[in-house]
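Residue numbers (UniProt numbering): 1 to 85.
Note that the Cβ used here is the ideal one computed from N, Cα and C, for glycine as well.
Inspection log for the structure reproduced underneath, given as structure tokens.
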Amino acid sequence: MRQGVLTHGRVRLLLSKGHSCYRPRRTGERKRKSVPGCIVDANLSVLNLVIVKKGEKDIPGLTDTTVPRRLGPKRASRIRKLFNL
């Protein structure tokens, strides 16, 4: 998803050096590439998000449950700290 492209579909843009999504192989080379717009709609199958700040309400299925850690510590001092040894 590309910032500044105010549409929900894909748009073919002429990209050059300095743009994300494209690395030119030669000096001055430009290429027309298809990039998705920045507006989210129902046709989008996957959306990766990062929760930056906790709000007042919980998001059901996401922030209302706590997931226990699957792996324990490896360092000996942290193992002793975990079991109060």
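- Just so you know, the alpha carbons of D64 and D58 end up roughly 6 angstroms apart.
- Taking all protein chains in view, the Cβ of L15 is crowded by 16 or more other Cβ atoms within 10 Å, so the residue is classified as buried.
- Looking at the DSSP output, L14 bridges to R32.
- K81: member of the alpha helix (DSSP H) spanning 76-82, first to last residue.
- With a cutoff of 7 angstroms on beta-carbon distance, V11 and C38 are scored as not near each other.
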